Every structure is written in C-alpha cells, then in structure tokens.
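A.B. asks: Okay, here's the structure, questions in a sec.
2 protein chains.
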Amino acid sequence: MRKIGLQEVENIALGASLLGAGGGGDPYYGKLMAIGAIKDCGPVTLVSPEEVPDDAIILPIAMMGAPTVLCEKGTAGQEYKVIYDMVSQYLGKSVYAVMPMEAGGVNSMLPIAAAARLGLPMVDCDGMGRAFPELQMVTFTIGGVKATPMALTDEKGNSVIFNTITNKWTEELARAVTMSCGGSVTVGLYIMDGATMKKYGVKDIVTRSEMLGKAIRDVKMQSDITITPEDAFLAASEGYRLFKGKISDVLRETNGAFNLGHIMLDGIGDYRGQKAEVTFQNENIAATVNGEIKATAPDLICVVDAETFVPVTTEALKYGKRVMVVGLKCYEMWRTKEGLALVGPRYFGVDTDYIPLEERVKGGNCSV
Amino acid sequence: MRKIGLQEVENIALGASLLGAGGGGDPYYGKLMAIGAIKDCGPVTLVSPEEVPDDAIILPIAMMGAPTVLCEKGTAGQEYKVIYDMVSQYLGKSVYAVMPMEAGGVNSMLPIAAAARLGLPMVDCDGMGRAFPELQMVTFTIGGVKATPMALTDEKGNSVIFNTITNKWTEELARAVTMSCGGSVTVGLYIMDGATMKKYGVKDIVTRSEMLGKAIRDVKMQSDITITPEDAFLAASEGYRLFKGKISDVLRETNGAFNLGHIMLDGIGDYRGQKAEVTFQNENIAATVNGEIKATAPDLICVVDAETFVPVTTEALKYGKRVMVVGLKCYEMWRTKEGLALVGPRYFGVDTDYIPLEERVKGGNCSV
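Going down the list, the sequences are from chains A and B.
Its first residue numbered 2, the first sequence is counted upward by one per residue in my numbering.
Its first residue numbered 2, the second sequence is counted upward by one per residue in my numbering.
Structure below.
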C-alpha cells in the first residue's frame with residue numbers, strides 16, 4: 002500500500018503511453034483529470050493485489066470509445082459517482098476498490114481520478130498489461146469471468162446496465178450504445194472479487210508503468226557514458242528495436258468507433274534505404290520491415306520519438322516525424338491458445354500465425 | 002373486469018391490424034403467441050383502467066424492432082419472465098398488471114401472451130390508440146412520463162436496463178441495441194402507477210380494437226340490404242374513404258430497423274382514371290390523391306382489401322392488389338401542439354402542416 006500523488010501520476014501517464022502501443026488514447030487528457038481529482042481530494046491509495054481480501058468487490062473503471070472522440074467530447078465529472086451508485090444498487094454490496102482494466106493509454110488515468118473522487122483505493126493490477134481495442138480482450142475473459150453486469154454512463158446523464166451471454170456480446174451491445182452516445186462513454190465492468198482478480202489479473206502493472214515512465218524521463222540524464230540514451234531506453238523497457246525511420250505516409254480513418262490506419266516509414270541511420278509499415282486498429286497491431294513481419298499483436302508495438310523516446314500515439318502520427326519502432330513482449334497469458342483466440346494477429350485481420358516477438362527478430366537487424 | 006379467451010383474441014388481432022395503420026407488424030405472429038399462452042395458462046383477465054388502484058405498478062410490454070424481422074426471428078419464450086424479473090428486482094416492488102403500449106399491430110398481442118404466462122391481469126389501455134414507429138411516440142411522453150427505467154431482452158438471453166434523460170434518448174439507445182441484437186427484441190417500458198395510466202392513457206382501446214375486429218368479420222353477414230358492405234364497414238369503423246385502387250407499384254426498404262417505402266395506386270370504380278400514393282415508415286404516414294394530400298399522421302391511414310375489408314399491413318402490399326384507403330381520426334391528444342411535435346407530418350418528413358382528416362376530405366370525393 003502506497004500513495005499515488007502528482008509526481009507518480011506524471012510517470013504512470015508516460016509509462017502508460019508506452020504500454021498503450023500507440024492506442025488507448027493519449028493519456029494526457031486523462032492525466033489532467035487524475036491531477037484535478039488528486040488536487041481536489043488528495044492522493045490515491047494504491048494497494049497491491051495481495052493486500053485485497055478474497056471476497057472484496059473490485060470495480061474496474063474505464064472509458065469506452067474512440068480515443069480521438071474522447072479527447073474532444075470530454076466528460077461531465079459526475080460519471081464515476083453514477084457508475085458507483087449503479088453498481089452498488091444493482092449488486093446490493095459495497096465496492097472495496099477501483100481498478101484499471103487497461104494499463105495502456107488514457108484508461109490508466111481514469112481509475113486514478115475515480116479512486117480520488119470516490120475516496121476508494123485503487124488496485125495495482127489490470128486485465129491487459131497494455132491496451133486493446135475491444136472490451137472482451139482481457140485476461141479475465143480467458144479465466145471465464147463475465148464482463149457483466151456492466152454499467153455505462155455518458156456525460157449527458159444517460160445510463161445503461163448490461164447483462165449478456167458472452168463478453169463478445171457485451172462488446173457488441175455496449176459499442177452500439179457508445180456510438181449512439183456520441184462515441185465515448187464511461188463504464189464499470191468485469192466487477193469481480195479479490196480472489197478472481199489475483200488469479201487472472203496482470204499484477205503490479207501500475208508500478209511497472211510508473212517505472213517505465215520514470216525510465217523514459219531519466220534516460221537522457223543517465224551518467225553512464227558507455228551506453229547511448231537509445232540503448233539505455235531499450236534496456237530499461239526490455240524493448241526490441243524493430244526500425245528507425247521518417248514517417249512518409251499516414252492513413253487514418255474513424256470507423257465504427259475505432260481508429261484504423263497505417264503509417265509508412267523510410268529508414269534513417271542504420272535503416273537507410275529500408276522501408277517499414279505499422280498498421281493499427283486503435284493500437285498498433287503489426288510491424289513489417291522490408292515486407293517481412295517483425296511483430297504482431299498481442300506483443301506491444303510502440304512508436305517512440307527517435308530522440309526523446311517519448312511514445313507517439315496513433316492520433317499524433319504525422320508526416321515527417323522521425324521515430325523508432327520498438328517491440329515489447331506481451332503478458333504471458335496472451336501467448337496461450339485461449340489468449341491468441343482473443344487477440345492474436347488473425348483477429349485483427351493480419352493473416353499470419355502468432356510468432357513471439359523475440360523469435361521474429363532473431364537473425365534480423367533488430368536489436369534488443 | 003372480464004376474460005379474454007381465444008375468440009376475443011381473434012377479434013382483437015383483426016381490429017389491431019386496422020389500428021396498426023399498415024404498421025406495427027402483422028398481428029398474426031403475435032396472435033399465435035397469445036393463443037399458445039392462453040391454451041397453456043388459461044384466459045387473461047382484462048381490467049378497466051378505473052379498476053386499477055392509483056398506486057399499482059403497471060408494466061407495459063412490447064416488441065421493439067422491424068416487424069419484417071420479427072416475423073422471421075421470433076422469440077424464445079422466456080422473455081416475459083426475464084423482463085418481469087428485471088423490473089421487479091430493479092424497482093424492488095411487485096408488478097400489478099401488464100398493459101399494451103401500442104394497440105395497433107403485433108404489440109396488441111404480446112401483452113396478452115405476457116399476461117397469460119405471468120398470471121397477471123392486462124389493463125384495457127395503451128399509449129397510442131394505434132401504432133407508431135418510435136418509442137417516445139406515446140401519450141405518456143406528452144404527460145411527461147419517462148420511458149425509463151426500461152428493460153430489454155433478446156431471444157438469446159442478453160438483457161439491458163436503460164435510464165435516460167429523455168424518451169428520445171431511450172429511443173436512440175434502445176434502437177441501437179435492438180439492431181445489434183438482430184433487429185427485434187422484447188421490452189418493458191413506461192413503467193407507471195395506476196394514476197398516471199388513467200391520466201394520460203388511451204382508455205378502453207383493447208375493447209375498441211375487439212369491436213373493430215368483430216365489425217370487419219360481421220360486415221358481410223349483416224342483414225340490412227339497404228346498405229352496402231363497404232358502407233357498413235365505414236360506418237362501424239367511423240372511417241373516411243380516401244381512395245379505391247389497384248396497387249401499381251410498391252417500393253420497400255429496411256433501413257435502420259424501420260420499414261420504409263410507398264405504394265402507388267391506379268383508381269378503380271368511382272376513382273377510375275385517378276392516382277394515389279400512400280407512404281409509410283413502418284406505419285402509413287401520408288395519403289395523396291391526384292397530388293393532393295388527403296390524410297397524414299397522426300390520423301390513421303389504413304389500406305384494406307377492397308372486398309373483404311381485411312387490413313393489409315405494409316409487409317403484405319403487393320402489385321395488383323385491389324384495396325381501399327381509409328382514414329380514421331386519431332386520439333384527440335395527438336392533435337395538440339405537444340402531440341403534433343411528437344408525431345405530426347413534419348416529424349416523418351412530410352412537408353405540410355397537420356390538418357385534421359375530416360377537414361382535408363371536405364369537398365373532395367372522399368366519403369364517410
């Protein structure tokens with residue numbers, strides 16, 4: 002158990018933008034909400050999974066919808082209270098703590114804001130270890146945990162409770178309501194007890210995110226002159242360098258509450274004369290170098306600034322920007338058969354078997 | 002208080018197909034459900050609005066979606082129980098009776114099936130006095146009654162509870178879920194107390210529907226030879242004859258869970274050489290004779306077989322069919338400013354002020 006204050010929020014937000022793998026929304030907007038809530042209500046208590054009683058009720062809180070919409074539409078402020086009241090009334094039980102369901106992107110920040118405003122602790126755990134575009138894509142689905150009862154509310158005051166036969170149906174119905182509500186809403190889902198959280202959750206992910214953020218911030222200040230900032234960044238993040246290049250084309254469209262598209266890259270430095278492509282569906286889902294796939298979901302494909310190593314979300318991709326493409330290993334549960342059925346490359350329309358990142362890069366000019 | 006058995010269901014269904022004004026779905030499928038439920042569970046008790054205590058909870062039950070989808074997709078049977086349980090649990094109160102919200106079309110029948118299966122009485126009242134395509138189009142909206150909390154369930158077992166800021170928002174969100182569920186679902190909405198039902202409802206509409214059905218059935222058996230069957234039908238239904246003709250063209254499309262389209266008519270008999278058009282959005286919304294509008298929503302525009310006077314729903318409109326177009330006056334509350342804002346011709350895209358049916362037909366060759 003420890004406190005999350007303003008400095009911690011800054012680092013978690015930066016780490017979350019790396020774990021977002023290009024998606025999950027720029028944490029910046031969520032960070033403002035978390036900072037506002039902490040200034041109003043004081044720091045948030047972060048509890049370790051092991052500190053949570055087995056029978057305690059955990060309420061994961063998230064935004065659902067297109068990150069680009071979220072940035073413009075915003076929230077009204079009362080959403081967390083509405084979700085909390087809906088869930089408490091529906092279950093007839095009190096909620097012990099909130100939790101992120103998605104450690105990557107803006108959804109890393111909203112549970113902090115919710116915890117501060119509701120006066121509840123937040124659990125150091127999530128259901129992805131990164132960001133994913135659909136709500137059934139969580140480790141809890143592998144564990145057979147139901148997404149419902151799920152509470153949804155918009156900034157206007159409309160609210161909905163779902164009970165569905167599968168988590169894919171939750172996604173279908175909640176996505177339809179999200180679009181009707183204007184493209185982004187606040188949700189409470191995968192309400193579970195402490196025992197379930199400990200069994201299937203990605204533990205200590207908030208702390209890992211904070212460490213990653215701190216590493217990016219510190220990389221240029223390191224005193225060891227025998228190592229380049231780039232190598233220091235790759236060592237701290239345990240990342241694989243897949244490509245370095247200048248963005249030569251960006252294709253982006255908002256379709257069915259998703260941001261879809263790709264970027265084309267012309268190599269720079271060691272990669273001069275080479276070409277790469279990164280495709281995304283909210284998150285980056287495949288990286289191809291010289292026509293050869295170097296990484297696919299569920300491994301994390303992160304596009305970072307070539308000089309500062311600050312992660313670039315898909316919304317911020319621009320022609321001419323110089324970036325490095327980095328691969329990070331996904332949480333081990335995603336590499337099981339059940340995990341790959343949910344978030345493997347074929348689910349996203351990439352016609353290849355999943356091969357772990359570290360095997361794809363072997364023998365190529367990628368480096369760890 | 003009286004019993005609704007198989008013979009009453011037959012007459013109510015026939016009357017409901019006239020009150021459906023072409024829409025609301027062919028009551029045939031609903032009739033089979035009502036008959037099945039009465040055979041399984043016995044006749045239904047129909048209670049007059051005045052017999053209902055002011056504080057009793059009334060649960061209107063309906064199908065939401067496109068009638069053409071409903072006929073093919075069907076229901077699983079457990080829906081009424083699911084809705085009843087959701088509402089009882091949510092309110093923490095027991096339901097006194099069910100009620101139709103829409104006396105026209107298939108939604109006249111489903112509350113009978115629900116009442117039989119749930120062992121509850123049904124109230125002789127609705128919120129339209131006809132059929133309309135959207136759920137906020139009820140007299141209760143004029144009275145400021147909220148459509149929510151609204152319960153929705155599909156035949157697969159998914160269920161949703163809505164709470165919205167306006168009844169138009171209920172329509173938006175529930176329609177989105179209805180489409181995601183395949184185009185038709187079962188709903189419980191406008192849950193209200195007896196006092197509210199008595200204040201804003203269209204009272205005794207089930208009895209009127211039954212009387213209309215009986216009149217259509219009896220019209221050819223009447224013994225008064227001084228009056229033609231057609232005149233007998235118009236007298237019994239208090240209908241205005243707008244046109245008689247042969248259908249020369251049918252345009253139909255399913256769009257956003259609605260059936261949209263129009264029919265063109267070539268006059269027969271007294272109308273030979275004349276042309277007419279009836280446009281519909283689930284229900285018939287405007288009738289034009291020789292380029293002049295003769296009737297618009299919210300008045301009822303009914304297309305009936307030219308010989309048998311059996312109403313023809315929009316799904317059953319076919320090239321070559323000989324029909325009579327009949328206008329019926331709508332419930333008086335629809336003719337107020339508030340009523341016309343909800344269901345006036347302009348809401349349906351017909352660019353004309355509302356003029357009551359009986360004034361539009363004055364001086365023309367329409368007859369009562």
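Note that beta-carbon positions come from the ideal geometry of N, C-alpha and C, so glycine has one too.
No experiment lies behind these values; they were computed from the predicted model shown.
Can you list, in chain order, the residues of the stretch 157–168 of chain B whose Cβ is nearer than 8 Å to any Cβ on chain A?
C.D. replies: Here the close residues are Lys157, Gly158, Asn159, Ser160, Val161, Ile162, Phe163, Asn164, Thr165, Ile166.
A.B. asks: Helix, strand or coil for Lys215 of chain B per DSSP?
C.D. replies: Helix at Lys215 of chain B.
A.B. asks: Does the CB of Val178 of chain A have a neighbour CB from chain B at under 8 Å?
C.D. replies: Chain B contact via Cβ: present.
A.B. asks: Verify the CB distance criterion: does Ser181 of chain B have a CB-CB separation below 8 Å to chain A?
C.D. replies: Closer than 8 Å to some Cβ of chain A, the Cβ of Ser181 of chain B qualifies, so yes.
A.B. asks: With distances taken between CB atoms, is the gap from Thr187 of chain A to Thr154 of chain A smaller than 8 Å?
C.D. replies: In this structure, Thr154 of chain A lies closer than 8 Å to Thr187 of chain A by Cβ.
A.B. asks: Counting along the chain, where does the beta strand (DSSP E) carrying Glu278 of chain B start and finish?
C.D. replies: Element bounds for Glu278 of chain B: 276–282.
A.B. asks: Give the range of the alpha helix (DSSP H) segment to which Tyr201 of chain A is assigned.
C.D. replies: Element bounds for Tyr201 of chain A: 195–201.
A.B. asks: Tell me the start and end of each unbroken alpha helix (DSSP H) in the stretch 84–158 of chain A that is at least 4 residues and wholly inside, in chain order.
C.D. replies: Taking only runs of at least 4 residues, the alpha helix (DSSP H) segments lying wholly in the stretch 84–158 of chain A are 111–119, 140–143.
A.B. asks: Are the beta-carbon atoms of Ala114 of chain A and Ala17 of chain A separated by less than 8 Å?
C.D. replies: Their beta carbons are not under 8 Å apart, which means Ala114 of chain A does not touch Ala17 of chain A by this criterion.
A.B. asks: Distance, Cα to Cα, Tyr272 of chain A vs Gly23 of chain A?
C.D. replies: If I take the Cα positions, the gap works out to 22 Å.
A.B. asks: Return the chain-ordered list of same chain residues with a C-beta closer than 7 Å to the C-beta of Arg323 of chain A, the five sequence neighbours on each side being excluded.
C.D. replies: Within the same chain, Arg323 of chain A has close Cβ partners Lys247, Ile269, Ala307.
A.B. asks: Can you tell me which of A:Lys276, A:Ile286, A:Leu301, A:Leu243 puts its alpha carbon nearest to the alpha carbon of Gly292 of chain A?
C.D. replies: Nearest option by C-alpha distance: A:Lys276.
A.B. asks: Could you check whether the Cβ of Leu266 of chain B sits closer than 7 Å to any heavy atom belonging to the ligand FAD?
C.D. replies: With respect to the ligand FAD, the structure shown offers nothing to examine, as it has no ligands at all.
A.B. asks: Using alpha carbons as the reference points, say which of B:Gly274, B:Ser160, B:Val362, B:Val124 lies closest to Asp55 of chain B.
C.D. replies: Closest by alpha carbon: B:Val124.
A.B. asks: Return the CA-CA distance between Val83 of chain B and Met334 of chain B, expressed in angstroms with no decimal places.
C.D. replies: The alpha-carbon atoms of Val83 of chain B and Met334 of chain B are separated by roughly 33 Å.
A.B. asks: Can you list the residues of chain A that Leu174 of chain B reaches, using a CB-CB cut of under 8 Å?
C.D. replies: Within chain A, the residues near Leu174 of chain B are Asn159, Val161, Val178, Ser181, Cys182.
A.B. asks: So with Cβ pairs under 8 Å, would you call Trp170 of chain A a contact of chain B?
C.D. replies: For Trp170 of chain A, the answer is yes, since a Cβ of chain B falls inside 8 Å of its Cβ.
A.B. asks: Just to confirm the assignment, what range does the alpha helix (DSSP H) spanning Thr179 of chain A have?
C.D. replies: Run containing Thr179 of chain A: 168–181, per the alpha helix (DSSP H) assignment.
A.B. asks: Going by DSSP, what residues sit across from Asn256 of chain B in a beta bridge?
C.D. replies: DSSP, once it has assigned bridges, lists B:Phe259 as partnering Asn256 of chain B.
A.B. asks: Taking buried to mean at least 16 other C-beta atoms within 10 Å of its own C-beta, is Tyr320 of chain B buried or exposed?
C.D. replies: Tyr320 of chain B should be labelled exposed.
A.B. asks: Given a threshold of 16 other Cβ atoms within 10 Å of its Cβ, counted over all protein chains shown, does Gly274 of chain A qualify as buried or as exposed?
C.D. replies: Gly274 of chain A should be labelled exposed.
A.B. asks: Below 8 Å on the Cβ atoms is my contact criterion, and I expect Val178 of chain A with Ala177 of chain B to pass it. Report the Cβ-Cβ distance as a whole number of Å.
C.D. replies: That belief holds up - the Cβ atoms of Val178 of chain A and Ala177 of chain B are roughly 6 Å apart, short of 8 Å.
A.B. asks: Roughly how many angstroms separate the alpha carbons of Arg118 of chain B and Gly21 of chain B, rounded to a whole number?
C.D. replies: Answer to the nearest angstrom: the Cα atoms are 24 Å apart.
A.B. asks: Please list the terminal residues of the continuous beta strand (DSSP E) segment that includes Lys4 of chain A.
C.D. replies: Segment 3–5, the beta strand (DSSP E) holding Lys4 of chain A.
A.B. asks: Distance check for Asn285 of chain A and Cys126 of chain A, CA to CA, integer angstroms please.
C.D. replies: Between Cys126 of chain A and Asn285 of chain A, the C-alpha separation is close to 22 Å.
A.B. asks: Hey, how far is the Cα of Gly195 of chain A from the Cα of Val53 of chain A?
C.D. replies: Near 6 Å, if we compare the C-alpha coordinates of Val53 of chain A and Gly195 of chain A.
A.B. asks: Please report the distance separating the alpha-carbon of Gly6 of chain B from that of Val45 of chain B.
C.D. replies: Roughly 7 Å between the two C-alpha positions.
A.B. asks: On a CA-only basis, which of A:Gly43, A:Leu235, A:Ala298 is nearest Pro312 of chain A? Give me that one, please.
C.D. replies: Checking every option, the nearest Cα to that of Pro312 of chain A belongs to A:Leu235.
A.B. asks: Starting from the Cα of Leu60 of chain B, find the closest Cα among B:Leu47, B:Leu358, B:Ser49, B:Ser89 and give me that residue.
C.D. replies: That would be B:Ser89, whose Cα lies nearest to the Cα of Leu60 of chain B.
A.B. asks: Give a yes or no on whether the C-beta atoms belonging to Ala296 of chain B and Gly345 of chain B are separated by under 8 Å.
C.D. replies: Not in contact: Ala296 of chain B and Gly345 of chain B (Cβ atoms no closer than 8 Å).
A.B. asks: Measuring straight from C-alpha to C-alpha, what distance separates Glu360 of chain B and Asp232 of chain B?
C.D. replies: So the alpha carbons of these two residues sit roughly 20 Å apart.
A.B. asks: Along the chain, which unbroken stretches of the beta strand (DSSP E) at least 3 residues long are found entirely within the stretch 274–350 of chain A?
C.D. replies: Counting whole runs of 3 or more residues, the stretch 274–350 of chain A contains the beta strand (DSSP E) stretches 276–282, 284–290, 293–297, 301–306, 323–329.
A.B. asks: Short check: CB of Val139 of chain B to CB of Tyr191 of chain B, under 8 Å?
C.D. replies: Closer than 8 Å, so yes.
A.B. asks: Quick one: what's got a C-beta closer than 7 Å to Arg253 of chain B's C-beta in the same chain, skipping five residues either side?
C.D. replies: Closer than 7 Å at the Cβ level, and outside the excluded window around Arg253 of chain B, lie Asn260, Gly262.
A.B. asks: So, with DSSP's three-state summary, where would you put Tyr241 of chain A?
C.D. replies: Here Tyr241 of chain A sits in strand by DSSP.
A.B. asks: Locate the alpha helix (DSSP H) running through Met64 of chain A, then write down its first and last residues.
C.D. replies: Counting along the chain, Met64 of chain A falls outside any alpha helix (DSSP H), though it belongs to the beta strand (DSSP E) covering 58–66.
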